[in-house]
Amino acid sequence: MSMKIAVLPGDGIGTEIVAEAVKVLQVLDLPLEMEQAPVGGAAYELHGHPLPEGTLNLAKSADAILFGAVGDWKYDKLDRPLRPEQAILGLRKHLGLFANFRPAICYEQLVGASSLKPELVAGLDILIIRELTGDIYFGQPRGRRTAVDGLFPGADEAFDTMRYSRPEIERIAHVAFQAARQRGRKVTSVDKANVLETFQFWKDVVIEVHAQYPDVELQHMYVDNAAMQLVKSPKSFDVVVTGNMFGDILSDEASMLTGSIGMLPSASLNDRKQGLYEPSHGSAPDIAGKGIANPLATILSAAMMLRFSLQAPEAADRIESAVKSVLAAGYRTPDIWSEGTQKVGTREMGDAVVAALMGNGAGKTITTITKS
Ligand code: NAD
415 MSMKIAVLPG DGIGTEIVAE AVKVLQVLDL PLEMEQAPVG GAAYELHGHP
465 LPEGTLNLAK SADAILFGAV GDWKYDKLDR PLRPEQAILG LRKHLGLFAN
515 FRPAICYEQL VGASSLKPEL VAGLDILIIR ELTGDIYFGQ PRGRRTAVDG
565 LFPGADEAFD TMRYSRPEIE RIAHVAFQAA RQRGRKVTSV DKANVLETFQ
615 FWKDVVIEVH AQYPDVELQH MYVDNAAMQL VKSPKSFDVV VTGNMFGDIL
665 SDEASMLTGS IGMLPSASLN DRKQGLYEPS HGSAPDIAGK GIANPLATIL
715 SAAMMLRFSL QAPEAADRIE SAVKSVLAAG YRTPDIWSEG TQKVGTREMG
765 DAVVAALMGN GAGKTITTIT KS
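The sequence shown lines up with residues 415 to 786 when you count with the working numbering.
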């Protein structure tokens, strides 16, 4: 049975890097049906909306979504609901993508690109799992008003609401414990239980869920300490699970341990294991169209897609080893280039991964791609 992938390249370097990931998927011996649609600024230009109905329907009907990036400074003056970034929020909401996976892996060949000492990051392989649809980012009520109490009654003030319900915490905790079972069997739950009622509740519920996973070690850590430990001894973590806001900050911090933002894949999954797969970086308008963007984060996101949504873990392993062999062979886009390595562009890097895959015994192409 063929598997359907919605291909949404988006804006800026999105089109360049997604083209390389599609190229890689096309040389796998898998029955993949890929259909492309505009999203973000590109969709606004064509249809007057960053997430047109056609694109949303395609995403809903697909087994997985391969997403590039959206955004450009030229859209900054649009009304908020029409800005490109709203497309990604809309997809998360409509598809219920509550679990965000961000692996931070430091490839042996790129140890020198990290801002930390090589011995701290060599062999680093951690997974940050961020709850994506709750917390203070979505909690109601929120807004602006005149203060009736507090330190300055009568002054203008703004407020947001931090909240988590039991089912929201339970489902992300299950995701984290199950992911840990495939890895190092350790979960660090990051909270601020010493100050916030929401995160005392988070901690209580995580402890309850942990009772079903006695084979996984559970550790609790306050978010301020977690931020410190991530740069002090990042390898002491295996799976980190946390709320939307803390996860937003910690996942960016963890990503920088690995050297380049151009290397970092991500996945956002719902409870049907349908997922949106995208690089952790944005649309990089500063280098768009120059053919120098690093496509590896997107190619590695495609590997995550095969593993988590398309039940093709062997194909995922093959892509990941092809990326490692390309790095070992010395190919580098400018963001990861160093003396003594070979500088290549976006397309050449994609070609090198394809060549490594073919060398690894890739089969015939039976993929199709259509544009809607
Ligand atoms: P960015 O991630 O696009 O770029 C930050 C820096 O990293 C830039 O110098 C860029 O050239 C570099 N960079 C990013 N990806 C790279 C790659 N693959 N290879 C080489 N270098 C790379 O972040 P930004 O500049 O803050 O934002 C640009 C636009 O992207 C904004 O409109 C923002 O809203 C949007 N954005 C979108 C997403 C998304 O689509 N999920 C995420 C973040 C930012």
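Note that beta-carbon positions come from the ideal geometry of N, C-alpha and C, so glycine has one too.
This structure is a prediction, so every number in the text was calculated from the model and none was measured.
- C-alpha of L465 to C-alpha of Y458: approximately 8 angstroms in a straight line.
- The straight-line gap separating the alpha-carbon atoms of A451 and H634 is approximately 42 angstroms.
- DSSP, read as helix, strand or coil, puts S680 in strand.
- The secondary-structure analysis by DSSP pairs V654 across a beta bridge with I542, T602.
- Distances taken from the Cβ of D493 to the heavy atoms of ligand 1 include none shorter than 7 angstroms.
- Taking a C-beta distance under 8 angstroms as the contact criterion, T602 and V645 do not qualify as a contact pair.
- In the three-state reduction of the DSSP assignment, A518 falls in the strand class.
- Within 10 angstroms of the beta-carbon of L460 lie fewer than 16 other beta-carbons, which makes it exposed.
- Along the stretch 570 to 640, the beta strand (DSSP E) occurs as fully enclosed runs of 3 or more residues at 570 to 573, 600 to 605, 631 to 636, listed in sequence order.
- I706: not part of any alpha helix (DSSP H); DSSP gives it neither H nor E.
- Exposure of P727 is indicated by the presence of fewer than 16 other C-beta atoms within 10 angstroms of its C-beta.
- With a threshold of 16 other beta carbon atoms within 10 Å, Q592 falls short and is exposed.
- Around K418, the same chain offers E447, A476, D477 as residues with beta carbons nearer than 6 angstroms, after the five sequence neighbours per side are excluded.
- Judged by DSSP secondary structure, R732 falls within the alpha helix (DSSP H) whose first and last residues are 727 to 742.
- The three-state secondary structure of A668, taken from DSSP, is helix.
- If you check the C-beta of I663 against ligand 1, you find no heavy atom less than 7 angstroms away.
- Proximity of the beta carbon of I713 to ligand 1 is not indicated: no heavy atom of the ligand is located closer than 7 angstroms.
- For V484, no alpha helix (DSSP H) run applies, since DSSP gives it neither H nor E.
- Three or more beta-carbon pairs drawn from the stretch 709 to 718 and the stretch 761 to 770 are found closer than 8 angstroms, and the two stretches are therefore classed as touching.
- A residue is called buried once 16 or more other Cβ atoms fall within 10 Å of its Cβ, and N608, having fewer, is exposed.
- A742 counts as exposed, since fewer than 16 other beta carbons sit within 10 angstroms of its beta carbon.
- For T672, the Cβ stays outside the 7 angstroms cut-off from all heavy atoms of ligand 1.
- Exclusion of N658 from the 7 angstroms shell around ligand 1 follows from its C-beta lying no nearer than that to any non-hydrogen atom of the ligand.
- If you look at Y691, you'll find it in the beta strand (DSSP E) that goes 689 to 693.
- With a 10 Å radius around the Cβ and a threshold of 16 neighbouring Cβ atoms, P648 comes out buried.
- Here the distance from the Cβ of T747 to the nearest heavy atom of ligand 1 is below 7 angstroms.
- Taking the C-beta atoms as reference points, Y691 is found nearer than 8 angstroms to I479.
- Excluding five sequence positions before and after L632, the CB atoms of its chain that fall closer than 6 angstroms to its own CB belong to V601, H624, given in chain order.
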